[in-house]
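Everything below concerns the one structure shown next.
In the numbering used here, the protein residues as written are 169 to 605.
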């Protein structure tokens, strides 16, 4: 973002709480300063990172706007008492973009839907760029700011957007915007679930006439009632019936083609609507055919392999209880070994309790909060210190025809750099078992 602002003729100052010794990529400091970007390290004015302080923290005469990193809690005084306008990255990027933006958010499904939207548009001959925080997905992608800086009017920027990025968006108005699902998450960041849900719905708040709001089957979004493109149920703009998708008066049969698994057909509905919202004359047949061969993205219901009839899936991106339940439902009727745990984000795991009534579901709680999760849902089986221990137990216990899935429902910060690192460790362990037993 700093480089982009510099290219547009701005004077740029970067404030960071970290000291030089605490920087993960110290080489970027020299690069920034060589470009003429002022970098202030160890920036920690009294009260800035608290909720009750009032500042001031900046000289409002010295700056025109504050662009915040999404990791900075929106409740902190430094943002509420900056004395100047505050923007998120998506707000900043949208002001640079010459291309329309298709944006998708949701507690679950947003990364997969974003990737599908990009693929659908490209299959229909549109120059689509995948943007967001989907790194490691297996598809080429850029940050939204990078893509916006180089954008042209004939492109479409497809952006996965988190709730953190929607906290400071006074004008951000995507041409097509979708919310896939809203369920409790990030309650370590938001005081109430409704605060989190409203932040998600802010994706729609600045849209104008001619821009499209796309709403998932279980999403409550009164702000767009009457104008929304609903999907996921008969009679809506797009829905799935068996292996047939009905969309915009056309039907597409996915049976026997590719490997678009049932849990992704709903995401495909959202993706095709996003593409259609940006390109009204979209070649839907070409776009749908492309998605019929969609094989998923890394760390999202990623199929690792099969041995003696036992399938292994890496779903490390699953970081909330609703996603665990949804993942388990994907393989209803089969034995499921679910590896659950890590660092809970102050979420209620009671939705997992009904799984204990299903004799085909086996839980393997692990990590920092594994025992607390087990206790909260009345699980009396063994808990494991690490994900690796839980995975080895699941691999040893599974029988032919059953499924083993890393589906943590928690953040990874207790033991891993991020969800990708956790997924990579699990994948390596699983592949060793698949190869050597």
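For every residue, glycine included, the Cβ atom is placed at its ideal position computed from N, Cα and C.
Secondary structure of residue 551 (DSSP, three-state): coil. The alpha-carbon of residue 506 is positioned some 40 Å away from that of residue 395. Residue burial is scored here from C-beta neighbours: residue 237 has fewer than 16 other C-beta atoms within 10 angstroms and is therefore classed as exposed.
Distances from the alpha-carbon of residue 405 to those of 371, 434, 421, 388 put 434 closest. Collapsing the DSSP output to three states places residue 364 in a helix. At the C-beta level, residue 356 and residue 514 come within 8 Å of one another.
Out of 568, 602, 485, the CA that lies nearest to the CA of residue 279 is found in 485. The beta carbons of residue 346 and residue 382 sit closer together than 8 Å. Secondary structure note for residue 489: its alpha helix (DSSP H) is the uninterrupted segment 489 to 498. Around the C-beta of residue 574, 16 or more other C-beta atoms lie within 10 Å, and the residue is accordingly described as buried. Pairing residue 300 with residue 215, the inter-Cα distance amounts to about 31 Å. Under DSSP, the beta-bridge partners assigned to residue 297 are 325. DSSP places residue 591 in the uninterrupted alpha helix (DSSP H) bounded by 587 to 604. Under the Cβ criterion (8 Å, minimum of three pairs), the stretch 581 to 601 counts as touching the stretch 466 to 484. Ranked by how close their Cα comes to the Cα of residue 209, the residues 181, 229, 567 have 181 in first place.
DSSP places residue 273 in the uninterrupted beta strand (DSSP E) bounded by 269 to 273. For residue 392, same chain residues with a beta-carbon under 7 Å away, outside a window of 5 residues either side, are 372, 381, 383 in chain order. Comparing alpha carbon positions, the residue from 193, 589, 570, 282 closest to residue 324 is 282.
Looking at the DSSP output, residue 545 sits in no beta bridge, so it has no partner there.
Two segments are said to touch when three or more pairs of C-beta atoms, one from each, lie closer than 8 Å; by this definition the stretch 449 to 456 touches the stretch 403 to 418.
Given a length threshold of 3 residues, each whole run of the beta strand (DSSP E) inside the stretch 190 to 278 is given here in chain order: 206 to 208, 269 to 273.
Distances from the CA of residue 277 to each of 250, 222, 495 were compared; the closest alpha carbon is that of 495.
Residue nearest to residue 218 within the set 200, 198, 240 is 240 (criterion: CA-CA distance).
For residue 175, the enclosing alpha helix (DSSP H) stretches over residues 170 to 175.
Boundaries for residue 506: no alpha helix (DSSP H) harbours it, while the beta strand (DSSP E) harbouring it runs 504 to 509, taken from the DSSP string. Residue burial is scored here from C-beta neighbours: residue 466 has at least 16 other C-beta atoms within 10 angstroms and is therefore classed as buried. A distance below 8 Å between beta-carbons, with the five flanking residues on each side excluded, links residue 336 to the following residues of its chain, in chain order: 236, 242, 247, 254, 255, 256, 259.
DSSP places residue 412 inside the beta strand (DSSP E), whose first and last residues are 412 to 415. The stretch 308 to 323 and the stretch 225 to 234 do not touch, with fewer than three beta-carbon pairs separated by less than 8 Å. In the displayed model, residue 187 falls within coil according to three-state DSSP, outside both helix and strand. Excluding residues up to 5 positions away in sequence, 292, 443, 444 lie with their Cβ nearer than 7 Å to the Cβ of residue 450 in the same chain.
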